[in-house]
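Chains as they are written, first to last, in the working numbering: chain V, 1 to 226; chain Z, 227 to 452. Glycine included, each C-beta is placed from N, C-alpha and C at the ideal position.
Number of protein chains: 2
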Amino acid sequence: MKKSIHKKNKKVSISVPAIRRLPQYLSFFKSVNNGENSFVTALEIATALHVDPTQITKDLSGINVKGKTKVGYEIKELINVIESFLGYQIKRKAFVIGAGNLGTALMKFNEFHLEGMEIIKGFDIITEKTGKEINNIKIFSIDTIEEHFDKTPVDIGIITVPANETQKIANILIKNNIKVIWNFSTMPISAPTDIIVENTCIDSSLAMIKWKLNKNMPLIYKNRII
Amino acid sequence: MKKSIHKKNKKVSISVPAIRRLPQYLSFFKSVNNGENSFVTALEIATALHVDPTQITKDLSGINVKGKTKVGYEIKELINVIESFLGYQIKRKAFVIGAGNLGTALMKFNEFHLEGMEIIKGFDIITEKTGKEINNIKIFSIDTIEEHFDKTPVDIGIITVPANETQKIANILIKNNIKVIWNFSTMPISAPTDIIVENTCIDSSLAMIKWKLNKNMPLIYKNRII
């Protein structure tokens, strides 16, 4: 009955920007999900998410989902396919290095569990923080991280330390065979090509905002317009 | 003496990705700054930041900075020009809506002050949070936000509420003539074109990470490979 929705064994072909959009689609589908038989059209999705309907059909066909004529996409199925595609059922363990404001917030994000990432330990350079717990995640001294890697294989290292500490922490993670470095610092890191590096730089967003806000103002440095 | 570094009154021409890279350059320049007369070459910057040297020279000439033959760029000047370009000296007021984990972390980021953004008030729907202070920022009920806009003109509205509340909060901000909506939710928002919308979606980064980690694994939904 649902065969028409999936093309059997079709090779997945999806762009990087489309993968980054999938969590947004998922949020929307969950917000409109009314049960087993609710459907949504590409136009409805596009209108709600403020994008072009052709992008919706392209992105969803990229994860091997096709709508049915007239009724559109079955919402429950869309949710299941996206969650499967993003590997929500495949749990990955993570360490957070840097138990400051952002590190603390990330350790408190219970949504990460649903998304297949479990932060199991935190690390910090500041001794007052070690031994404490944040959302049941214990904080250890960064100096002891190697023995923790020995105890539990961990795939993801989340770096939330200041810029000048970033590469040093990255090197420790690399030495301990980390698969992914998720870098929240402003400082880019150097890593071998087989390591997945994902940068989430909040300051880059603020730079964009400030630039757009100020771009009609004269920016002057030493009496010269820049 | 420093005339050779800047082309006088040259029209600024810089790409959006380059603007997003400027905070990374700034982090690096600050980490290697040794005082008035320290210089850095494009090659040194490129090596440290793991990018192509031609990108460095292009990005920096985009903000009207040119290196000197042999010695390169004066670090102190680079820092000053980038900070001026990003308008760090032009202070912008912000409200945070959603005093949860991420909202709390953002209210605790003292770096925002240096970058020309001052979070002056927080808002939440949960009454237990209102009246409290986070890093000297008082939390008010979202129901009272209009009177706070009347008291203080605010340029930036930072949304850190759950996905299903995002558009409702955006609508309130739009009604109160906000200039920028900085959206940390997974749900994209609809706004008039004269409003600057910046999305920082942490889940998009996680989606990318999980996809790269799992892409060599068969992803199966209802006995079908997706």
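Give me the chain Z residues within the contact set of residue i, using Cβ-Cβ distance strictly less than 9 Å, ordered along the chain.
{"i": "V/Ser38", "result": "Under the 9 Å cutoff, chain Z gives no residues; its nearest Cβ is about 16 Å from V/Ser38."}
{"i": "V/Glu198", "result": "Ser431, Leu432, Met434, Ile435, Lys438"}
Consult DSSP for residue i and reduce its assignment to one of helix, strand or coil.
{"i": "V/Met117", "result": "strand"}
{"i": "V/Gly122", "result": "strand"}
{"i": "Z/Ser367", "result": "strand"}
{"i": "Z/Glu354", "result": "coil"}
{"i": "V/Phe112", "result": "helix"}
{"i": "Z/Ser239", "result": "coil"}
{"i": "Z/Ala389", "result": "helix"}
{"i": "V/Val81", "result": "helix"}
{"i": "Z/Lys284", "result": "helix"}
{"i": "V/Phe184", "result": "coil"}
{"i": "V/Gly103", "result": "helix"}
{"i": "V/Glu74", "result": "strand"}
{"i": "V/Val32", "result": "helix"}
{"i": "V/Lys66", "result": "coil"}
{"i": "V/Lys179", "result": "coil"}
{"i": "Z/Ile421", "result": "coil"}
{"i": "V/Ile97", "result": "strand"}
{"i": "V/Ile19", "result": "helix"}
{"i": "V/Ile90", "result": "coil"}
{"i": "V/Ile202", "result": "helix"}
{"i": "V/Ile189", "result": "coil"}
Closer than 9 Å by beta-carbon distance: list the chain V residues that pair up with residue i, in chain order.
{"i": "Z/Phe375", "result": "Simply none; closest approach about 17 Å."}
{"i": "Z/Phe335", "result": "Asn101, Leu102, Ile202"}
Show which residues of chain V have a CB atom less than 8 Å away from the CB atom of residue i.
{"i": "Z/His339", "result": "Within 8 Å Cβ-Cβ: nothing; Z/His339 doesn't reach chain V, min ~12 Å."}
{"i": "Z/Pro418", "result": "Neighbours of Z/Pro418 on chain V: none; closest Cβ ~12 Å, over 8 Å."}
{"i": "Z/Glu391", "result": "Result: empty, since nearest Cβ-Cβ is about 10 Å, beyond 8 Å."}
Residue i CB to nearest chain Z CB: under 9 Å?
{"i": "V/Leu86", "result": "yes"}
{"i": "V/Leu213", "result": "yes"}
{"i": "V/Lys227", "result": "Shown here, chain V extends from 1 to 226; a query on residue 227 of chain V therefore has no answer."}
{"i": "V/Thr232", "result": "Beyond the ends of chain V as shown, which are 1 and 226, falls residue 232 of chain V; an answer cannot be given."}
{"i": "V/Lys179", "result": "yes"}
{"i": "V/Thr186", "result": "yes"}
{"i": "V/Ile159", "result": "no"}
Is there a Cβ from chain V that is less than 9 Å from the Cβ of residue i?
{"i": "Z/Asp285", "result": "no"}
{"i": "Z/Glu372", "result": "no"}
{"i": "Z/Leu277", "result": "Leu is not the amino acid found at residue 277 of chain Z; the sequence shown has Val there. Yes, Z/Val277 lies at the interface with chain V (some Cβ there is under 9 Å from its Cβ)."}
{"i": "Z/Arg246", "result": "yes"}
{"i": "Z/Lys401", "result": "no"}
{"i": "Z/Ser241", "result": "no"}
{"i": "Z/Ile415", "result": "yes"}
Is residue i buried or exposed, if buried means 16 or more other CB atoms sit within 10 Å of its CB?
{"i": "V/Pro188", "result": "buried"}
{"i": "Z/Leu275", "result": "buried"}
{"i": "V/Gly35", "result": "exposed"}
{"i": "V/Gln24", "result": "buried"}
{"i": "V/Lys175", "result": "exposed"}
{"i": "Z/Gln315", "result": "exposed"}
{"i": "V/Leu114", "result": "exposed"}
{"i": "V/Thr213", "result": "Residue identity differs from the one stated: residue 213 of chain V is Leu in this sequence, not Thr. Answer is buried; the Cβ neighbour count reaches 16."}
{"i": "Z/Val242", "result": "exposed"}
{"i": "V/Lys121", "result": "buried"}
{"i": "Z/Asp350", "result": "buried"}
{"i": "Z/Val307", "result": "buried"}
So residue i contacts chain V; which residues on that side make the cut at Cβ distance below 7 Å?
{"i": "Z/Gly342", "result": "Lys210"}
{"i": "Z/Ala396", "result": "Under the 7 Å cutoff, chain V gives no residues; its nearest Cβ is about 11 Å from Z/Ala396."}
{"i": "Z/Leu328", "result": "Ala105"}
{"i": "Z/Ile428", "result": "Thr200"}
Closer than 7 Å by beta-carbon distance: list the chain Z residues that pair up with residue i, in chain order.
{"i": "V/Ile156", "result": "Ile435"}
Item to complete: Check distances from the C-beta atoms of the segment 127-140 of chain V to those of chain Z and list, in chain order, the residues that come in under 7 Å.
Response: none
Worksheet entry | Against chain V: residues of the segment 246-260 of chain Z by CB proximity under 8 Å | Arg246, Arg247, Leu248, Pro249, Gln250, Leu252, Ser253, Phe254, Lys256, Ser257
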